[in-house]
Amino acid sequence: MAGYLLRRLAQAAVLLWVVSLVTFVLIHAAPGGPAMLQNPDLNRDQIAQFRANLGLDDPIPVQYLRWLRAALHGDLGRSYNTVESVGRLLATRLPNTLLLTGIALGLSLAAAIPLGVVCATRRNTALDRIIAGTTFLGISTPVFWLAIVLIVVFSVQLRVLPAGGMYQVGAAFSLGDRIRHLLMPVFVLTIANLAETTRYTRSAMIGALGEDYVRTAHAKGLSGPIVLFRHALRNALIPVVTIIGVYLPRAVSATAITETVFAWPGIGQLAVQSTLTRDYPVLVGATLAVAVFAVGGSLLTDLAYGLVDPRIRLG
Amino acid sequence: MAVASAVFLVGMYVVAAAGPRISPYGPNAVDILNTNAPPSPAHWLGTDENGRDVLARLIAGAATTMTVGLIAMIIAVGIGAAVGSLAGYLGGWADTVLMRLTDGMLAIPYIFLLLVIVAVFGASFRTIIVAIGAISWMVVARIVRAEVLRYRGLDFVHAAQALGATPARILTRHIIPQTVPSLLVAATFGVANAILFESALSYFGLGIPPPQASWGNMLSNAQAYVWENPRLPIYPGFLILCTVLAYNFLGDALRDALDPRYRESNV
Chain D
1 MAGYLLRRLA QAAVLLWVVS LVTFVLIHAA PGGPAMLQNP DLNRDQIAQF
51 RANLGLDDPI PVQYLRWLRA ALHGDLGRSY NTVESVGRLL ATRLPNTLLL
101 TGIALGLSLA AAIPLGVVCA TRRNTALDRI IAGTTFLGIS TPVFWLAIVL
151 IVVFSVQLRV LPAGGMYQVG AAFSLGDRIR HLLMPVFVLT IANLAETTRY
201 TRSAMIGALG EDYVRTAHAK GLSGPIVLFR HALRNALIPV VTIIGVYLPR
251 AVSATAITET VFAWPGIGQL AVQSTLTRDY PVLVGATLAV AVFAVGGSLL
301 TDLAYGLVDP RIRLG
Chain V
1 MAVASAVFLV GMYVVAAAGP RISPYGPNAV DILNTNAPPS PAHWLGTDEN
51 GRDVLARLIA GAATTMTVGL IAMIIAVGIG AAVGSLAGYL GGWADTVLMR
101 LTDGMLAIPY IFLLLVIVAV FGASFRTIIV AIGAISWMVV ARIVRAEVLR
151 YRGLDFVHAA QALGATPARI LTRHIIPQTV PSLLVAATFG VANAILFESA
201 LSYFGLGIPP PQASWGNMLS NAQAYVWENP RLPIYPGFLI LCTVLAYNFL
251 GDALRDALDP RYRESNV
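The listed protein sequences correspond, in order, to chains D and V.
When the count follows my numbering, it moves up by one through the first sequence with no breaks and lands on 315 for the last residue.
When the count follows my numbering, it moves up by one through the second sequence with no breaks and lands on 267 for the last residue.
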């Protein structure tokens with residue numbers, strides 16, 4: 001177990017290094033350079049001075065090694081646009097994203113598991129098809145389109161919900177206000193994540209219901225619901241838990257788009273802005289932070305997998 | 001559902017291919033005296049902010065969007081099949097390096113990769129297709145690798161090896177054909193995702209550049225005029241939704257029909 005954990009941690013470290021390398025090289029290969037240097041108020045000498053100060057004239061491998069050495073010492077650099085420390089920027093943005101994604105992921109699981117169970121027990125009935133159809137509608141809708149339709153209806157026409165942001169500017173913190181700002185982005189993200197988890201629960205549940213132990217449980221006279229929830233569902237949930245780990249980066253993309261549309265000050269919005277303005281240190285830092293969560297998530301789910309299912313021996 | 005989806009998609013491709021022949025106007029024909037017009041006998045779906053016929057642009061956009069979806073998917077399946085089969089067949093170091101790269105790419109949210117690649121190479125029809133293909137191959141690679149590992153140890157592969165077939169021949173003639181059902185399923189979902197990716201890129205202003213019409217850029221463009229003409233975002237959004245939905249239904253049905261893991265459980 002300890003050996004397995006060590007090997008997985010080493011693999012995770014390699015993976016994060018690959019992520020930083022891919023992002024760093026790609027963004028530095030972009031012609032034109034940081035948008036901040038396109039400022040028309042700067043003259044040629046000033047731009048050259050900036051480039052020299054930022055070390056942008058060095059070959060990319062040299063720049064990468066310099067970044068890597070600093071990053072290993074906990075210094076992710078400073079934003080080109082705002083001169084803020086990237087570490088601090090990430091630390092202020094991350095809780096906002098975790099709040100939004102956590103609620104949405106929790107809600108979509110809370111909805112998807114019962115829906116998947118219903119689909120599995122009533123498979124190939126009209127109800128199954130209706131649920132499948134509705135959840136497919138969710139993944140087939142462009143995320144930003146759904147968000148904009150909601151804003152047009154609830155913020156502009158009905159004027160009941162704020163169009164964006166995380167709190168009423170100038171007002172003291174209140175839970176009601178925070179919830180009002182959360183409603184629409186959470187809804188969009190829940191819908192975006194619902195279909196796959198429902199599908200997954202359904203097929204895992206169908207698999208579990210076909211197992212011998214379910215037949216045995218029925219044969220010894222246990223009631224339907226007990227067999228369904230205690231025997232079948234508990235086993236079916238194992239693969240469902242694993243898929244969440246794999247699925248996290250995808251969910252982050254939907255989060256990035258949602259955050260941008262609703263002006264939610266999260267890490268996804270930060271990454272999108274830094275990409276569009278070529279704010280290299282922020283982009284690499286944000287991508288890495290997201291990757292840490294994705295890799296950590298999949299590691300945790302794999303470990304949970306071993307704990308939940310005694311048949312699985314990690315090693 | 002699957003049959004209806006297939007019929008809808010074939011219809012869309014026919015419309016896209018027929019394009020200019022059935023289009024009532026040129027997709028870029030501007031009529032500045034008749035902007036944001038409501039639907040009328042002359043313009044069935046009205047006109048946009050430049051007085052361009054919406055129906056004509058939707059037809060032209062169908063060709064763009066369907067092409068982006070198809071070609072990006074072909075690129076993704078090509079890269080994925082190559083990486084996956086090499087990793088699975090060669091094993092050892094090649095496997096480790098290729099699969100770590102695959103995992104690394106999977107761990108970066110696709111939207112950042114897309115934005116970076118398109119920002120690097122500039123938004124054009126060609127780079128957008130290549131960029132979408134280049135970020136969509138990882139799932140295919142994993143599927144193909146798993147299948148290759150499964151077949152590599154089977155008797156028919158050993159038989160081929162005993163007969164002196166080269167690894168390249170074994171891969172292309174014996175193993176890859178076995179993976180076609182899984183590839184087909186992945187490809188169907190791949191087209192659906194590619195169409196969504198193009199519309200997401202358009203939202204960030206890095207989609208198919210105007211004046212060429214795509215459903216994605218029509219949709220994001222329409223946002224700016226949503227007050228003058230609230231109908232404008234409805235049409236392309238609805239078409240994207242229907243097309244992606246049709247591909248998803250089709251992929252789901254194909255998976256039920258072709259993938260033994262799903263087939264057994266569905267009887």
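Where is the CB? At the ideal position from N, CA and C, for every residue including glycine.
Can you tell which of the options has its C-alpha closest to the C-alpha of residue i?
i               : options                        : result
A289 of chain D : D:P34, D:N193, D:L9 and D:A91  : D:A91
L182 of chain D : D:E211, D:L150 and D:T201      : D:L150
P142 of chain D : V:S220, V:A162 and V:A6        : V:S220
F50 of chain D  : D:P61, D:Y64, D:P59 and D:G33  : D:G33
G77 of chain D  : D:T97, D:F154, D:N96 and D:N53 : D:N53
R202 of chain D : D:A219, D:L109 and D:S155      : D:L109
V83 of chain V  : V:L163, V:L171 and V:I128      : V:L171
L258 of chain V : V:Q223, V:V185 and V:M218      : V:V185
Which of the three DSSP states is assigned to residue i in this structure?
i               : result
R234 of chain D : helix
F154 of chain D : helix
N266 of chain V : Note that N266 of chain V has pLDDT 42, beneath the 50 cutoff, so the model's placement of it is unreliable and the number below is only indicative. DSSP places N266 of chain V in helix when its eight states are reduced to three.
R78 of chain D  : strand
G315 of chain D : Bear in mind that the predicted position of G315 of chain D carries a pLDDT of just 48, short of 50, making it unreliable; the figure below should be weighed with that in mind. The answer is coil: DSSP assigns G315 of chain D none of H, G, I, E or B.
D177 of chain D : helix
Q63 of chain D  : helix
W137 of chain V : coil
S203 of chain D : helix
L222 of chain D : coil
Y167 of chain D : coil
G297 of chain D : helix
G237 of chain V : helix
F262 of chain D : coil
N193 of chain V : helix
A160 of chain V : helix
L26 of chain D  : helix
N28 of chain V  : coil
H174 of chain V : helix
N34 of chain V  : coil
Is residue j closer than 8 Å to residue i when the C-beta atoms are compared?
i               : j               : result
Y13 of chain V  : M66 of chain V  : yes
A120 of chain D : M205 of chain D : yes
G55 of chain D  : R66 of chain D  : yes
I240 of chain V : S199 of chain V : yes
G237 of chain V : W17 of chain D  : no
V30 of chain V  : H43 of chain V  : no
V284 of chain D : I60 of chain D  : no
I132 of chain V : A194 of chain V : yes
S214 of chain V : G207 of chain V : yes
A141 of chain V : G69 of chain V  : no
T287 of chain D : N81 of chain D  : no
F125 of chain V : Q212 of chain V : yes
T185 of chain D : T258 of chain D : According to the sequence provided, residue 185 of chain D is Pro. The question's Thr does not apply to it. Yes, these two residues count as a Cβ contact at 8 Å.
G104 of chain V : L15 of chain D  : yes
V19 of chain D  : A107 of chain V : yes
Rounded to a whole number of angstroms, what is the C-alpha to C-alpha distance between residue i and residue j?
i               : j               : result
D57 of chain D  : A71 of chain D  : 20 Å
A29 of chain D  : S182 of chain V : 35 Å
P226 of chain V : Y247 of chain V : A small fix is needed here, since residue 226 of chain V is Val in this sequence, not Pro. The alpha-carbon atoms of V226 of chain V and Y247 of chain V are separated by roughly 28 Å.
R88 of chain D  : R100 of chain V : 30 Å
G26 of chain V  : T35 of chain V  : 15 Å
T102 of chain V : L222 of chain D : 46 Å
P114 of chain D : N50 of chain V  : 49 Å
S298 of chain D : P109 of chain V : 14 Å
F189 of chain V : I175 of chain V : 22 Å
I59 of chain V  : R150 of chain V : 44 Å
I243 of chain D : A18 of chain V  : 42 Å
L113 of chain V : A271 of chain D : 11 Å
Y266 of chain D : S40 of chain V  : The question names Tyr, yet the displayed sequence has Gly at residue 266 of chain D. Looking at the two C-alpha atoms, the distance is approximately 45 Å.
G91 of chain V  : G153 of chain V : 12 Å
H158 of chain V : T96 of chain V  : 24 Å
P225 of chain D : V214 of chain D : 12 Å
S85 of chain V  : V139 of chain V : 13 Å
A270 of chain V : A76 of chain V  : There is simply no residue 270 of chain V to check, as chain V begins at 1 and stops at 267 in what is shown.
G315 of chain D : I47 of chain D  : Confidence in G315 of chain D is poor, its pLDDT being 48 and thus under 50, which makes the residue's placement unreliable; the coordinate value appears in the next sentence. Those two C-alpha atoms are separated by around 54 Å.
V252 of chain D : P239 of chain D : 21 Å
G11 of chain V  : R57 of chain V  : 17 Å
A160 of chain V : P177 of chain V : 14 Å
Since residue i sits in a beta bridge, which residues does DSSP pair it with?
i              : result
T47 of chain V : V:D53
S85 of chain D : D:R78
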